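Note sheet for the following structure.
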Ligand code: UDP
């Protein structure tokens with residue numbers, strides 16, 4: 035029997051890759067998205083589409099009434115800086131939106147949910163690599179919303195038997211290796227899409243936020259994971275819930291640190307473009323380095339990052355961005 039999955043936020047950058055992977059594996063998919071961060075270009079003909087907001091409770095009800103074997107919930111606002119200035123927006127969209135989803139899921143007997151959590155829930159690293167036992171102390175309101183939702187999921191598991199996987203993403207990067215996802219992120223703030231925009235002339239230069247960190251070249255070091263590896267983990271997490279009927283909290287990173295300067299150097303080589311940079315002051319809330327331990331994901335899900343080397347991440351992004359070159 036074909037399993038039916040509702041992907042909320044399925045038109046976004048990570049969501050569309052998750053949808054692609056589900057379709058490749060034979061799942062029946064419906065995307066629910068308000069297209070605020072996502073775009074129509076990221077939709078696939080094989081999947082159903084409902085254009086609506088998770089704050090629109092009647093629409094959630096109407097959609098879930100059809101019955102689903104599971105939900106993958108990636109719909110959220112995600113700009114950490116903005117969350118410090120407009121916390122209300124983040125509280126309502128991320129926290130209230132998820133409560134709506136849980137209430138509708140309970141109403142229609144949907145008992146499995148995969149949730150996009152984030153490394154932002156850990157805050158300043160106390161040791162590295164960061165494992166799932168690391169204390170949680172978010173440094174920004176965005177991270178706080180993700181942590182609150184994880185706690186909510188634990189309560190709904192206990193009181194309503196809804197099983198969840200909270201996937202704590204580190205730094206997602208790259209694009210579908212077969213070139214089937216083409217939508218660009220709107221006003222990106224993350225390093226690789228910004229580098230890509232500079233490479234194709236959509237932006238003048240990359241601002242490097244600090245080069246006096248305690249890392250091998252002074253610039254921030256992060257754990258980048260290819261978005262296809264990330265997508266694969268969603269499907270494995272779904273299968274895990276089916277098999278074991280147990281909830282799960284798990285880190286997803288590559289354990290492979292890359293600095294800002296290393297990313298720029300590699301991008302120059304791969305794209306053959308100049309990529310001007312200017313070193314400016316540190317960005318508030320940034321830390322020198324963030325590295326994940328993904329041992330648990332490997333053990334419990336049998337997951338392994340396969341495409342998370344820096345060359346593959348940059349080259350697959352460039353395949354999409356090079357179409358936008360402006361001389
Ligand atoms: N970064 C930068 N310039 C940019 C965007 C990011 O120098 O325009 C740096 C940032 O300071 C950090 C790294 O790139 O060291 C990754 O930042 P990103 O926002 O992609 O992810 P974060 O780890 O902060 O969530």
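Residue numbers (the working numbering): 35 to 361. Every residue gets a Cβ at the ideal spot worked out from N, C-alpha and C, and that includes glycine. Owing to the predicted nature of the structure, the values given are computational and were not obtained by experimental measurement.
CA-to-CA distance, residue j to residue i, given in whole angstroms
{"i": "residue 82", "j": "residue 150", "result": "21 angstroms"}
{"i": "residue 274", "j": "residue 301", "result": "36 angstroms"}
{"i": "residue 193", "j": "residue 233", "result": "51 angstroms"}
{"i": "residue 291", "j": "residue 343", "result": "10 angstroms"}
{"i": "residue 39", "j": "residue 197", "result": "15 angstroms"}
{"i": "residue 57", "j": "residue 337", "result": "19 angstroms"}
{"i": "residue 55", "j": "residue 138", "result": "25 angstroms"}
{"i": "residue 319", "j": "residue 252", "result": "17 angstroms"}
{"i": "residue 76", "j": "residue 43", "result": "11 angstroms"}
{"i": "residue 141", "j": "residue 131", "result": "16 angstroms"}
{"i": "residue 118", "j": "residue 155", "result": "14 angstroms"}
{"i": "residue 218", "j": "residue 161", "result": "35 angstroms"}
{"i": "residue 100", "j": "residue 167", "result": "38 angstroms"}
{"i": "residue 330", "j": "residue 241", "result": "35 angstroms"}
{"i": "residue 143", "j": "residue 249", "result": "49 angstroms"}
{"i": "residue 212", "j": "residue 60", "result": "17 angstroms"}
{"i": "residue 307", "j": "residue 79", "result": "35 angstroms"}
{"i": "residue 188", "j": "residue 221", "result": "33 angstroms"}
{"i": "residue 294", "j": "residue 175", "result": "24 angstroms"}
{"i": "residue 345", "j": "residue 208", "result": "10 angstroms"}
{"i": "residue 98", "j": "residue 272", "result": "18 angstroms"}
{"i": "residue 237", "j": "residue 203", "result": "27 angstroms"}
{"i": "residue 86", "j": "residue 246", "result": "44 angstroms"}
DSSP-derived helix/strand/coil call for residue i
{"i": "residue 283", "result": "strand"}
{"i": "residue 86", "result": "coil"}
{"i": "residue 335", "result": "helix"}
{"i": "residue 146", "result": "strand"}
{"i": "residue 111", "result": "coil"}
{"i": "residue 175", "result": "helix"}
{"i": "residue 203", "result": "strand"}
{"i": "residue 324", "result": "coil"}
{"i": "residue 36", "result": "coil"}
{"i": "residue 342", "result": "coil"}
{"i": "residue 131", "result": "helix"}
Distance between beta carbons of residue j and residue i, contact taken as under 8 angstroms
{"i": "residue 113", "j": "residue 223", "result": "6 angstroms"}
{"i": "residue 260", "j": "residue 339", "result": "7 angstroms"}
{"i": "residue 127", "j": "residue 91", "result": "Contact doesn't hold; Cβ gap of about 14 angstroms is too wide."}
{"i": "residue 255", "j": "residue 323", "result": "4 angstroms"}
{"i": "residue 286", "j": "residue 334", "result": "Contact flag wrong, Cβ pair sits at about 12 angstroms."}
{"i": "residue 182", "j": "residue 158", "result": "With a Cβ gap of about 19 angstroms, residue 182 and residue 158 do not count as contacting."}
{"i": "residue 136", "j": "residue 52", "result": "The pair is not a contact, with the Cβ atoms about 19 angstroms apart (cut-off 8 angstroms)."}
{"i": "residue 326", "j": "residue 289", "result": "6 angstroms"}
{"i": "residue 205", "j": "residue 257", "result": "6 angstroms"}
{"i": "residue 147", "j": "residue 104", "result": "7 angstroms"}
{"i": "residue 359", "j": "residue 235", "result": "6 angstroms"}
{"i": "residue 201", "j": "residue 284", "result": "6 angstroms"}
{"i": "residue 36", "j": "residue 106", "result": "Incorrect: roughly 16 angstroms between the Cβ atoms, too far for contact."}
- In chain order, which alpha helix (DSSP H) runs of at least 4 residues are fully inside the region 213-287? 225-233, 261-278
- Which runs of the alpha helix (DSSP H) spanning at least 4 residues fall entirely within the region 49-107, listed in chain order? 91-98
- Considering only residues of the region 285-311, which uninterrupted alpha helix (DSSP H) runs meet the minimum length of 4 residues and lie entirely inside it, listed in chain order? 294-305
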